[in-house]
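J.: Let me begin by handing over the structure; questions about it come next.
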Amino acid sequence: MHILFKQNNTFFCVDEKYVEMFVLSKNFYNFAMTPNFISGFENIKGEIYPVIDLHGFISNSNHEEKEYLIKLTQPLSILLYSTIRPNIIEILDTVQKTKVDSDLKTICDFNFRIENNIIYNLNMGKLENILKDYQKNIYIGDSYDKESF
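Now the structure itself:
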């Protein structure tokens, strides 16, 4: 099973084994001087997590409204936002998968169609490798005053 979500008019899915929970965005904060792929930060149960905009890895993004958040499991303690309520889908073996030929190939391994929509499968290994390069930029240490969030 996979979790279907949408960012910047693009549908993505991620294997459910990487998803810890869904939450509604309540405490979203923007900070200046963050990389394009960080939309901001969210406080969930006293812990601060970066909210990732997948299009920010390849271009500037419009940073849409972050209504729904998908918390990923370790080793990626990050949030992905979605402009639609995340849904559970099953990718059947009969679905025709196509190699990603756009800039999204840096974070996705294949895409497929459901009706008229192209859905990109998020490759967690690729995403983890990219984030390792930026780890110092997205780490929120204990020195931050969590009460101010």
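Start counting at 1 in the sequence shown, then tack on 6, and there's your number in our numbering.
All residues carry an ideal CB built from backbone N, CA and C; glycine is no exception.
Keep in mind it's a predicted model, so treat the numbers as computed, not measured.
#1: For I97, which three-state DSSP category applies?
#2: With DSSP run on the structure shown, which of helix, strand or coil describes N135?
#3: Could you name the residues that DSSP lists as bridge partners for S88?
#4: Short of 7 Å in beta carbon distance, which residues of its chain neighbour Y140, apart from the five on each side in sequence? Order them along the chain.
#5: Report back the beta-carbon spacing between K12 and S45 to the nearest angstrom; my notes put them in contact at under 8 Å.
#6: Which of helix, strand or coil does DSSP assign to M27?
#7: May I ask which residues mark the beginning and end of the beta strand (DSSP E) holding P56?
#8: Which residues in the same chain have their Cβ closer than 8 Å to the Cβ of V106, if we skip the five residues on either side of it in sequence?
#9: Assign V101 to one of two classes, buried (16 or more other C-beta atoms within 10 Å of its C-beta) or exposed (fewer than that).
#10: Please say whether I9 and I1 have beta carbons closer to each other than 9 Å?
#11: How would you call I84, buried or exposed, if buried means at least 16 neighbouring beta carbons within 10 angstroms?
#12: Check whether the Cβ atoms of L86 and F18 lie closer than 9 Å to each other.
#13: Rounding to the nearest angstrom, what Cα-Cα distance links I136 and E121 in this structure?
#14: Going by C-alpha to C-alpha distance, which of M7, K111, N123, L30 sits closest to F63?
#15: Who are the Cβ neighbours of S88 in its own chain at under 7 Å, not counting the five residues just before and after it?
T.: Judging by the given coordinates:
#1: Start at 1 with the first residue of the sequence shown, and residue 97 comes out as number 91. The answer is coil: DSSP assigns I97 none of H, G, I, E or B.
#2: Mapped onto the sequence shown, residue 135 falls at position 129. Three-state result, N135: helix.
#3: Counting from one through the sequence shown, the residue named residue 88 turns up at place 82. Paired residue(s): Y74.
#4: Residue 140 sits at position 134 when you count from the first residue of the sequence shown. Correct list, in chain order: P41.
#5: The residue you call residue 12 lines up with position 6 of the sequence shown. The residue you call residue 45 lines up with position 39 of the sequence shown. Wrong, their Cβ atoms sit about 14 Å apart, outside the cutoff.
#6: As a position in the sequence shown, residue 27 is number 21, starting the count at 1. In the structure shown, M27 sits in a strand (DSSP, three-state: E or B).
#7: If you number the sequence shown from 1, residue 56 lands on position 50. Taken as a continuous stretch (DSSP letters only), the beta strand (DSSP E) holding P56 covers 53-58.
#8: In the sequence shown, counting from the first residue as 1, residue 106 sits at position 100. Closer than 8 Å at Cβ, skipping near neighbours: C114, D115, F116, N117, Y126.
#9: Within the sequence shown, the letter at position 95 stands for residue 101. Exposed: under 16 other Cβ atoms inside 10 Å.
#10: Summary: the structure shown does not reach residue 1, with the chain confined to residues 7 through 155, and so no result is reported for it.
#11: Reading the sequence shown from its first residue, position 78 is the one you call residue 84. With 16 or more other Cβ atoms within 10 Å, it is buried.
#12: Looking up residue 86 in the sequence shown gives position 80. Looking up residue 18 in the sequence shown gives position 12. Going by C-beta atoms, L86 is nearer than 9 Å to F18.
#13: For this step, residue 136 is matched to residue 130 along the sequence shown. For this step, residue 121 is matched to residue 115 along the sequence shown. Near 31 Å, if we compare the C-alpha coordinates of E121 and I136.
#14: Within the sequence shown, numbered from 1, the residue matching residue 63 stands at position 57. When each option's Cα is compared against that of F63, the closest is K111.
#15: Here residue 88 corresponds to residue number 82 of the sequence shown, with the count starting at 1. Within the same chain, S88 has close Cβ partners F11, K12, Q13, Y74, I76.
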